[in-house]
Every structure is written in C-alpha cells, then in structure tokens.
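Following: one structure in structure tokens, then a few remarks.
Number of protein chains: 2
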Amino acid sequence: LELRTHRRLPLETIRALLQRMEADPTYRFLVVEQLLHEDAFAPDFHPLSRTEAAAQAGLTEAQVRELEALGLVLPCPKTGRFDEEAVHLLRVLAGLLEMGFTPEDLHFYARWAQEVARHERALFADLCQDGSDEAEKVARYQRFRELAGPLLRLLHLNYLRRTLYDLLGASGQGTEG
Amino acid sequence: LELRTHRRLPLETIRALLQRMEADPTYRFLVVEQLLHEDAFAPDFHPLSRTEAAAQAGLTEAQVRELEALGLVLPCPKTGRFDEEAVHLLRVLAGLLEMGFTPEDLHFYARWAQEVARHERALFADLCQDGSDEAEKVARYQRFRELAGPLLRLLHLNYLRRTLYDLLGASGQGTEG
Chain A
476 LELRTHRRLP LETIRALLQR MEADPTYRFL VVEQLLHEDA FAPDFHPLSR
526 TEAAAQAGLT EAQVRELEAL GLVLPCPKTG RFDEEAVHLL RVLAGLLEMG
576 FTPEDLHFYA RWAQEVARHE RALFADLCQD GSDEAEKVAR YQRFRELAGP
626 LLRLLHLNYL RRTLYDLLGA SGQGTEG
Chain B
476 LELRTHRRLP LETIRALLQR MEADPTYRFL VVEQLLHEDA FAPDFHPLSR
526 TEAAAQAGLT EAQVRELEAL GLVLPCPKTG RFDEEAVHLL RVLAGLLEMG
576 FTPEDLHFYA RWAQEVARHE RALFADLCQD GSDEAEKVAR YQRFRELAGP
626 LLRLLHLNYL RRTLYDLLGA SGQGTEG
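Residue numbers (our numbering), protein chains in the order written: chain A, 476 to 652; chain B, 476 to 652.
So this is what it looks like as structure tokens:
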C-alpha cells in the first residue's frame, strides 16, 4: 500500500497568478483566496481509506471515527473514503488535539458550520426561484461560495481577536488599527 | 483627498514562499493559508474613514452604517476607522449585496461568528489557566488561530456543498470524491 506523503501544490497556477498580479495591481484578493482554497487541492488525489487518512494526519483510527461521529470530518457519503480536503481537515484537527483540545471541545464547530449552511441554503433557494437554468445556478453558487467563505473567515477572525483581547493583553492586538 | 485605489499584494513574500514550496514539497498548506490571510494585508495601510472605505468598496455611506449596525463590519473601536481587513470585508459584502442578498439576510454571519468566538474564548481561557506567561499565551493564540480558521472554513465548505447539492444537481458536486 503506497501512501501519498507529499501534497502537490499547483505551482504553475500560482506563477500565472503572480504574473497577472504584477500586470494588474487591482487584481482581487478574492482570486487569491479562491485559487488557494480550491485549486490547491490536487485534482488527481486518490481518496484514502480511514486507515490511510488517519496515518497521514497522525491520528488513530479510533480518533478519526470519533471525529466523524461528531461531524467534524465528512468522508464521502457513498464510498466512506477521505478526499484531500478531508485529509487536510484531519491534519488541522490533529493540530488542535495536540494543543490540548478534546474532540468534544471542537464539536460546536460542526454544529455551527451545519447551521450556517442550512441558513445559506434557504437564502440561496430564494435567489434561485426566478427559474434560472442549471448553469446559471451553478455560476451563482460558485460566486456565492467565493464570497461567503471570506466573509465568514474575516468575521470570525475579527470577533475572535476582539473576544480574546483581554486574555492576551496589548501584544495580541496586532494590526487592529 | 487621495484614495488608495490599488491593493498592494506582497509579491516578494509569495515569491519566497514559491521557492520554499519547490524545495520542500511537504511544506504545509497551513503556511499558505497563514501567509495569505495575514500577510496579504499591507502593513503600511493607512486606516480609512467611513467615506473613504465606502468609496473603495463601491458602497454608500448609509450602506456601510447599516452593515456596521448589524455587526457585519467592525471598524476600529477607538478611532472608528477601517483597516485593510475591514475594507476587504466591505468589498466581500458589496459582492453579496450585488448578488441580491440584503444586509438582513447576512446578519446571521455576524451572530454566528460572535458565538463561535465566545465559545473559543471559553476554551482558550481553560487552556491558559496553567499560569503560562504572556508570550506563551500569545504563541498559543497564534497557533490556535492558524488552526481554527481553516477548521471553520473547511467545515463550512463541506456542509455548504452537501446542503446545496440538491439545489444544484450533479454539476455542483465538483470534486467531492
């Protein structure tokens, strides 16, 4: 059994982006986010079994099962295998467990991500009710995802920084104006 | 009044990253996320007034005030000015308004980001109770933020993809194994 131990990053894509960024300084930050959040995952990644995914993330199979049960990682519902994104998620979770958090501590992330997604589904359904065709819906979804991701991330970062400020003192404030 | 109309992206930093990525294929995706989410904001960015920030994002001042009231953008609590991150957030919000969403539609993002941050604060306070010094706390916070950001983002993306699947048909499924 050959484990894939290296993550391949799309250097050519990043190079092309760099060129365009140099040519056009207004080229949007959004594009960078999009590039790294979507295309940084190798298209030819072969989904892993639970055993393989656990090994790649430095977790035990029992830990992975527990994270799955809490909705903190979502293997493919049909095959039960872990795509590259799921493996990355396991690595992030492994880092948090290593810091001293328990899977139960982290459960709320899954609940909230699910709630946000439900709310977004309702919003998005309204937006799609004008009888637009499939291609148009997919294009809107792509655009929505491009925007909703950074929105949630930036808001989270801002609120987190403010909420933790008193725990950390002025040194944690960083660049906050 | 001179508006800053171009966003400066740290090309040198990205070039250095590229070199390291080529030299070391295991170089972590986390580092890329970190780089782009933190350092992509220019350190010499001069915080903008509401008028300037609105103009940069293509919004009216009234719209910016409404977004502030809903907690969807957080200017500096001391100066009321908008740092680069806040301006970027306004651009993302402008994109969503342009798609047809209302500020009220988006209000839940602020509520949830705030709830997540509160929960994280409680977790983090527990983790810091062992009398570790300030520098150690800040280092843990940095590490926590490095991990919590991608965790929330990936979970959100996963749940969003699954939740919207039936609205979009197979073409929206993309790379989901």
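Note that the Cβ used here is the ideal one computed from N, Cα and C, for glycine as well.
Per DSSP, reduced to three states, the secondary structure at LEU534(B) is coil, with no helix or strand assignment. Per DSSP, VAL548(A) lies in no alpha helix (DSSP H) and is assigned neither H nor E. About 6 angstroms separates the Cβ atoms of LEU635(B) and GLU595(A), confirming a contact at the 8 angstroms cut-off. Each residue's CA atom was taken as its position, placing HIS563(A) and GLY624(B) some 13 angstroms apart. The segment 564-582 of chain A makes contact with the segment 532-546 of chain A; the number of CB pairs closer than 8 angstroms reaches 3 or more.
Between GLY555(A) and ALA592(A), the alpha-carbon positions lie close to 22 angstroms from each other.
If you ignore the 5 residues before and after PHE557(A), its C-beta comes within less than 8 angstroms of the C-beta of PRO522, LEU523, SER524, ARG525, GLU527, ALA528, VAL548, PRO550, CYS551 and LEU565, all in its own chain and listed in chain order. Ranked by Cα distance from PHE599(A), the first of TYR616(A), PHE520(A) and TYR584(A) is TYR616(A).
Neighbours of PRO625(A) in chain B, taken as residues at a C-beta separation under 7 angstroms, are given in chain order as VAL567. For VAL562(A), no CB of chain B lies under 8 angstroms from its own CB, so it is not counted at the interface with that chain. Contact note: ASP608(A) does not reach chain B at a C-beta cutoff of 9 angstroms; the least C-beta distance is about 11 angstroms. For the pair LYS553(B) and THR577(B), the Cα-to-Cα distance works out to about 28 angstroms. Proximity of ARG628(A) to chain B, defined by a Cβ-Cβ separation below 8 angstroms, is satisfied. By the Cβ-count criterion, ALA597(A) is exposed, with fewer than 16 other Cβ atoms from all chains shown falling within 10 Å of its own Cβ.
The Cβ atoms of GLY546(A) and ALA569(A) do not sit closer than 8 angstroms to each other. Closest in C-alpha terms to PHE520(B), from the list GLU559(B), PHE619(B) and ALA537(B), comes GLU559(B).
Note on geometry: alpha-carbon atoms of GLN589(A) and ARG620(A) lie some 15 angstroms from one another. Apart from sequence neighbours up to five positions away, no residue of its chain approaches GLU609(A) with a beta-carbon distance below 6 angstroms. With a contact defined as Cβ atoms closer than 8 angstroms, LEU571(A) and LEU622(B) qualify at about 5 angstroms. Note that the C-beta distance between LEU602(B) and TYR584(A) is not below 8 angstroms. For the pair ARG628(B) and MET574(A), the CB atoms are not nearer than the 8 angstroms cut-off.
For PHE520(B), there is no enclosing alpha helix (DSSP H), as DSSP marks it with neither H nor E. Relative to the Cα of LEU639(A), the nearest Cα in the group LEU639(B), LYS612(B), THR638(B) and ARG637(B) belongs to LYS612(B).
Within the segment 523-557 of chain A, the residues whose Cβ lies closer than 9 angstroms to any Cβ of chain B are, in chain order, GLY546, LEU547, VAL548, LEU549, PRO550, CYS551, PRO552, LYS553, THR554, ARG556 and PHE557. If you look at GLY555(B), you'll find it isn't in any alpha helix (DSSP H); DSSP assigns it neither H nor E. Rounded to whole angstroms, the separation of the alpha carbons of TRP587(B) and ARG637(A) is 15 angstroms. Contact of GLN589(A) with chain B by beta-carbon distance below 7 angstroms involves TYR634.
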